[in-house]
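Under my numbering, read the first sequence as residues 318 to 987, first letter to last.
Beta carbons: idealized from backbone N, C-alpha and C, even for Gly.
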Amino acid sequence: MISLAGLNPEQRLAAETVHGPVLILAGAGSGKTRTITFRIAHMLENLGIPGSQILAVSFTNKAAQEMRERVAHLVHKDHRKGLTLSTFHSLGIKILKEDLHHLGYSPRFTIYDTSDQMSIIREALKNLRAEKAYDKSTIQSKISWLKNKGVSASEFKDSPFFDPENDYDQITEHVFHFYQDKLQFYNALDFDDILFLTVKLFKEFPQVAEKYSNRFRYLMIDEYQDTNGLQFEFIKGLTKTHKNICVVGDDDQSIYAFRGADITNILEFEKRYEKTTVIKLEENYRSYFPILHLANEVIKENKVRKPKTMRTSQVGGDKPMLLATGDTEHEAQVVIEEILKLQKQNISLSEMAILYRSNTQIEPFEDQLRLAQIPYQIIGGQKFYEKKEIKDLIAYLMLILNPRDELSLRRIINVPQRGIGNVGLGKLVAQASSVKKPLFNIVSESSTHPELMIFADLIKRLRHRFNEAPLSTVIQELISEIGYESYIEKSYDNPKLALLKKADLHHFLSSAQRFQDLFKHDATLENFIEKLLLADSQDTKNDAEPTKKHEVTLMTLHSSKGLEFDHVFLVGMEEEILPHKRTIQDNTDINEERRLCYVGLTRARKKLFMTYAKERKIYGKKIPRFPSRFIIELTESYISQDRTTFNDLTPEQAVEFKANFFSDLMNSLK
DNA sequence: GGTTATTATTTTTTT
DNA sequence: AATAATAACC
Numbered sequence: 318m319i320s321l322a323g324l325n326p327e328q329r330l331a332a333e334t335v336h337g338p339v340l341i342l343a344g345a346g347s348g349k350t351r352t353i354t355f356r357i358a359h360m361l362e363n364l365g366i367p368g369s370q371i372l373a374v375s376f377t378n379k380a381a382q383e384m385r386e387r388v389a390h391l392v393h394k395d396h397r398k399g400l401t402l403s404t405f406h407s408l409g410i411k412i413l414k415e416d417l418h419h420l421g422y423s424p425r426f427t428i429y430d431t432s433d434q435m436s437i438i439r440e441a442l443k444n445l446r447a448e449k450a451y452d453k454s455t456i457q458s459k460i461s462w463l464k465n466k467g468v469s470a471s472e473f474k475d476s477p478f479f480d481p482e483n484d485y486d487q488i489t490e491h492v493f494h495f496y497q498d499k500l501q502f503y504n505a506l507d508f509d510d511i512l513f514l515t516v517k518l519f520k521e522f523p524q525v526a527e528k529y530s531n532r533f534r535y536l537m538i539d540e541y542q543d544t545n546g547l548q549f550e551f552i553k554g555l556t557k558t559h560k561n562i563c564v565v566g567d568d569d570q571s572i573y574a575f576r577g578a579d580i581t582n583i584l585e586f587e588k589r590y591e592k593t594t595v596i597k598l599e600e601n602y603r604s605y606f607p608i609l610h611l612a613n614e615v616i617k618e619n620k621v622r623k624p625k626t627m628r629t630s631q632v633g634g635d636k637p638m639l640l641a642t643g644d645t646e647h648e649a650q651v652v653i654e655e656i657l658k659l660q661k662q663n664i665s666l667s668e669m670a671i672l673y674r675s676n677t678q679i680e681p682f683e684d685q686l687r688l689a690q691i692p693y694q695i696i697g698g699q700k701f702y703e704k705k706e707i708k709d710l711i712a713y714l715m716l717i718l719n720p721r722d723e724l725s726l727r728r729i730i731n732v733p734q735r736g737i738g739n740v741g742l743g744k745l746v747a748q749a750s751s752v753k754k755p756l757f758n759i760v761s762e763s764s765t766h767p768e769l770m771i772f773a774d775l776i777k778r779l780r781h782r783f784n785e786a787p788l789s790t791v792i793q794e795l796i797s798e799i800g801y802e803s804y805i806e807k808s809y810d811n812p813k814l815a816l817l818k819k820a821d822l823h824h825f826l827s828s829a830q831r832f833q834d835l836f837k838h839d840a841t842l843e844n845f846i847e848k849l850l851l852a853d854s855q856d857t858k859n860d861a862e863p864t865k866k867h868e869v870t871l872m873t874l875h876s877s878k879g880l881e882f883d884h885v886f887l888v889g890m891e892e893e894i895l896p897h898k899r900t901i902q903d904n905t906d907i908n909e910e911r912r913l914c915y916v917g918l919t920r921a922r923k924k925l926f927m928t929y930a931k932e933r934k935i936y937g938k939k940i941p942r943f944p945s946r947f948i949i950e951l952t953e954s955y956i957s958q959d960r961t962t963f964n965d966l967t968p969e970q971a972v973e974f975k976a977n978f979f980s981d982l983m984n985s986l987k
């Protein structure tokens with residue numbers, strides 16, 4: 318028996334209301350994850366609902382993993398068997414692998430990322446002789462946007478989103494068709510297709526939707542404010558045969574509109590599902606009062622929101638600080654001073670985070686942390702698999718899995734060199750398309766080119782090897798058979814760089830090793846690649862190294878959603894950073910920036926520092942900067958300090974004094 | 001036609 | 001500041 322006595326009355330109601338639609342409006346720090354975890358535990362242990370009937374969808378893999386661990390803590394192993402905790406994308410893939418054949422794809426599909434999308438669009442534009450005149454990424458985002466609105470290539474022209482007067486719409490129409498045909502021919506999906514095709518499958522084959530709806534009798538969707546129209550259709554399919562759907566979200570934390578998140582999903586939920594039980598969690602268990610107070614003041618200014626005020630019982634605590642600093646280097650130094658001070662009070666680095674609006678702000682912080690020899694960990698940024706060498710290897714692996722994956726084949730056909738240049742490849746591609754056969758067939762039959770036959774044989778041979786031997790063993794075989802290490806040595810004049818690249822290969826290998834240790838007989842090549850491609854910003858860059866403790870965490874405000882830290886540094890609290898320049902210029906919804914600010918502020922439990930630089934180098938020019946409009950008027954809610962001045966010193970002298978103080982402080986720690 | 005000098009342009013957030 | 005695009009040059 319699981320006791321729900323540890324929950325407050327609202328949380329408890331949320332955990333106990335298991336049947337019918339439930340909307341939980343859970344403010345920041347209101348014990349949302351705890352509530353969901355207990356709700357699942359209650360269903361499993363107290364109501365005897367089998368785990369296989371319960372599905373909880375969260376926003377990131379990390380969140381799903383955390384929930385898994387917390388449920389494991391509460392519920393006996395036998396009782397949580399078959400429980401599905403997943404993200405939309407990995408759930409979509411699971412469904413597609415089982416049922417995509419209905420739509421004429423093979424289940425061995427490849428997933429293409431944005432750079433793959435770009436190269437198909439480039440090709441399409443080339444064919445239309447319009448390469449120069451149009452911007453690839455504009456077209457890419459339009460296609461993505463359309464898919465997230467549920468519009469296919471053939472529907473675009475007759476949709477309300479098509480403007481015949483608009484050149485871009487005209488060209489996008491052509492490219493969209495070309496792009497989608499290619500993807501289907503390559504047996505490949507892009508990120509949006511994962512959701513788009515699942516929804517299409519549900520609509521065209523209602524029995525498939527019913528199958529899953531019957532399988533998952535109890536649904537829970539976390540971070541519901543960040544779902545888009547397509548995801549709503551997805552949910553609709555899953556609730557075809559019942560209405561046991563519980564969504565959890567906070568309209569104040571909606572920060573993914575740029576990616577198609579549709580706030581009406583949460584605002585209209587009660588209209589779409591009749592007899593919804595609405596539960597509000599307004600008690601904040603995370604932050605000390607002064608932090609929450611500032612956050613409330615900031616978000617209050619948003620006019621379009623469900624009005625609410627978070628309460629806290631965490632009395633005491635210091636007012637947040639706003640620190641004015643000189644340039645960006647000085648901003649980083651000031652943050653590190655504070656980190657060192659906290660460290661002297663025996664506070665662990667793992668309880669500190671530096672949050673920023675955009676990845677471009679990282680550099681000075683990274684430099685200064687290195688200088689001060691403070692261990693740190695950057696979440697997000699360039700993903701591990703996006704590195705050139707790793708992408709090459711993955712291309713080999715994807716080709717091994719899916720011989721129709723032409724993009725991967727073209728990427729690696731001459732890597733390492735096999736004496737086939739652009740011209741030779743072009744001939745093969747032309748030949749393939751004239752006989753309407755996959756390129757790989759042409760390559761493996763091209764008796765004129767012995768090296769290509771050897772290559773094709775290798776691919777075929779390794780395909781079998783992956784069924785016989787462990788993942789990392791075969792990947793190692795692949796690397797040595799193609800001579801990839803010596804290829805790297807040849808490609809980089811700089812031996813240090815070559816060494817670094819080779820280290821990446823070893824990271825890749827040990828990450829495969831770790832994967833197979835973790836998943837045992839489920840550690841198939843297919844699952845491994847899927848995991849790599851669906852890695853999200855909260856996944857650590859390479860999971861070969863388990864997350865170390867005692868590191869400062871650096872990440873964007875977007876990545877920080879759902880996390881919390883005792884001590885938070887919200888840096889770059891400036892106009893044109895937060896709110897971002899682009900949002901001001903484009904006159905788009907500035908409220909989303911304000912919500913982003915709110916998310917950042919509410920990550921802090923005990924202490925909150927905000928910093929801004931008075932001067933920032935932009936495109937090589939020094940530009941004067943001003944504090945963010947979001948906090949400028951709220952002077953009662955925080956303490957302002959100008960760190961560029963000190964006692965009677967001039968700002969210049971003060972900067973020098975600070976520099977000395979900083980180095981003294983560091984010396985004293987040695 | 002291919003190399004070099006000059007000038008324009010750039011950075012949002014991500015599954 | 002760094003890089004891509006364009007112009008000027010041989």
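Open item on the list: Taking 9 Å as the threshold (C-beta atoms), are G566 and E591 in contact?
Closed with: No, these two residues do not count as a Cβ contact at 9 Å.
- [ ] From the DSSP output, in three-state form, read off L657 for me.
- [x] Collapsing the DSSP output to three states places L657 in a helix.
TODO: For Q816, count neighbouring Cβ atoms within 10 angstroms of its own Cβ and tell me buried if that reaches 16, exposed if not.
DONE: Residue identity check: residue 816 is Leu in the sequence provided, not Gln. Exposed is the call here.
Task: Residues near E668 in its chain [Cβ-Cβ closer than 7 Å; skip 5 each side] - done: A distance below 7 Å between beta-carbons, with the five flanking residues on each side excluded, links E668 to the following residues of its chain, in chain order: F882, D883 and H884.
- [ ] Assign T455 to buried or exposed, taking buried as 16 or more other Cβ atoms, counted over all protein chains shown, within 10 Å of its Cβ.
- [x] Around the beta carbon of T455, fewer than 16 other beta carbons sit within 10 angstroms, so the residue counts as exposed.
Task: For V565, the residue or residues it bridges with in DSSP - done: Beta-bridge pairing links V565 to I341.
- [ ] Output the distance between the C-alpha atoms of D821 and A852, rounded to the nearest integer angstrom.
- [x] The alpha-carbon atoms of D821 and A852 are separated by roughly 17 Å.
- [ ] Could you tell me which residues DSSP pairs with K939 in its beta bridges?
- [x] BP columns for K939 point to K934.
TODO: Please name the residue or residues paired with Q694 in a DSSP beta bridge.
DONE: Residue pairing by DSSP places Q694 opposite T870 in a beta bridge.
Open item on the list: When you compare the region 921-930 with the region 621-641, are there three or more beta-carbon pairs, one atom per stretch, that lie closer than 8 Å?
Closed with: Touching, per the Cβ criterion.
Open item on the list: Suppose you measure from the CA of F947 to the CA of V615; what does that come to, to the nearest Å?
Closed with: Taking the straight line from one Cα to the other gives about 6 Å.
Open item on the list: What residue range does the alpha helix (DSSP H) around F533 cover?
Closed with: No alpha helix (DSSP H) holds F533; DSSP gives it neither H nor E.
Task: Proximity winner among V888, L880, K898 and E333, relative to T594 (alpha-carbon distances) - done: For the set V888, L880, K898 and E333, the Cα lying nearest the Cα of T594 is the one of E333.
Task: Per DSSP, cross-strand counterpart(s) of R628 - done: According to DSSP, R628 shares a beta bridge with E600.
Task: Status (buried if at least 16 other CB within 10 Å, exposed otherwise) for Q685 - done: Buried: at least 16 other Cβ atoms inside 10 Å.
Open item on the list: Check this for me: beta carbons of L788 and Q833, under 9 Å apart or not?
Closed with: Between L788 and Q833, the gap from beta carbon to beta carbon is short of 9 Å.
Open item on the list: Check this for me: beta carbons of F757 and P720, under 9 Å apart or not?
Closed with: In contact: F757 and P720 (Cβ atoms closer than 9 Å).
TODO: Taking only the alpha-carbon atoms, compute the straight-line gap between L835 and L710 and give it to the nearest angstrom.
DONE: The straight-line gap separating the alpha-carbon atoms of L835 and L710 is approximately 22 Å.
Open item on the list: If the criterion is Cβ atoms closer than 9 Å, does the pair D644 and E932 meet it?
Closed with: At the C-beta level, D644 and E932 come within 9 Å of one another.
- [ ] Pick helix, strand or coil for K924, following the three-state DSSP scheme.
- [x] Strand at K924.
Open item on the list: According to DSSP, is Q662 part of a helix, a strand, or is it coil?
Closed with: In the structure shown, Q662 adopts coil according to DSSP, grouped into three states.
TODO: Just confirm the distance between the C-beta atoms of V374 and F355, as a whole number of angstroms; I'd bet it's less than 8 Å.
DONE: That belief does not hold up - the Cβ atoms of V374 and F355 are roughly 18 Å apart, past 8 Å.
Open item on the list: Quick check for students: name the residue ranges of the alpha helix (DSSP H) that lie wholly in the region 454-502, counting only runs of 4 or more.
Closed with: The region 454-502 contains these whole alpha helix (DSSP H) runs: 470-473.
Task: C-alpha distance - Y713 paired with G741, whole-angstrom precision - done: Roughly 20 Å separates the two Cα atoms.
Task: Under the three-state DSSP convention, the category A861 falls into - done: Summary for A861: the model assigns pLDDT 45, below 50, so the residue's position carries little reliability, and this model does not support an answer.
Task: Three-state secondary structure assigned by DSSP to E893 - done: Here E893 carries a strand assignment [DSSP, helix/strand/coil].
TODO: Grab me the residues of P367's own chain with a C-beta within less than 7 Å of its C-beta, minus the 5 sequence neighbours each way, in chain order.
DONE: Within the same chain, G399 come within 7 Å of P367 by CB-CB distance, once the 5 residues on both sides are set aside.
Open item on the list: Does V993 pass the burial test, meaning 16 or more other C-beta atoms within 10 Å, or should it be called exposed?
Closed with: Because the chain is modelled from 318 through 987, residue 993 falls outside the range shown and cannot be assessed.
TODO: Work out the CA separation of Q382 and K411 for me, nearest whole Å.
DONE: Distance between the alpha carbons of K411 and Q382: 17 Å.
Open item on the list: So, for E973: in the same chain, excluding its five sequence neighbours on each side, which residues have a beta-carbon less than 7 Å away from its beta-carbon?
Closed with: Closer than 7 Å at the Cβ level, and outside the excluded window around E973, lies no residue.
Open item on the list: Using the three-state DSSP reduction, which class does N904 fall into: helix, strand or coil?
Closed with: Coil.
- [ ] Excluding the 5 residues preceding and the 5 following A322 in the sequence, name in chain order all residues of the same chain whose CB lies nearer than 6 Å to its CB.
- [x] None.
Open item on the list: Report the CB separation of Y503 from L724 in whole angstroms; it is logged as a contact under 8 Å.
Closed with: Contact between Y503 and L724 holds, with the beta-carbon distance rounding to 7 Å and staying under 8 Å.
TODO: With F886 as the anchor, note down where its beta strand (DSSP E) starts and where it stops.
DONE: From DSSP, the beta strand (DSSP E) with F886 extends over F882 to L887.
TODO: Use the C-beta contact count for A747: other C-beta atoms within 10 angstroms, 16 or more gives buried, fewer gives exposed.
DONE: By the Cβ-count criterion, A747 is exposed, with fewer than 16 other Cβ atoms from all chains shown falling within 10 Å of its own Cβ.
Task: Opposing strand residues paired with P944 [DSSP bridges] - done: Per DSSP, E891.
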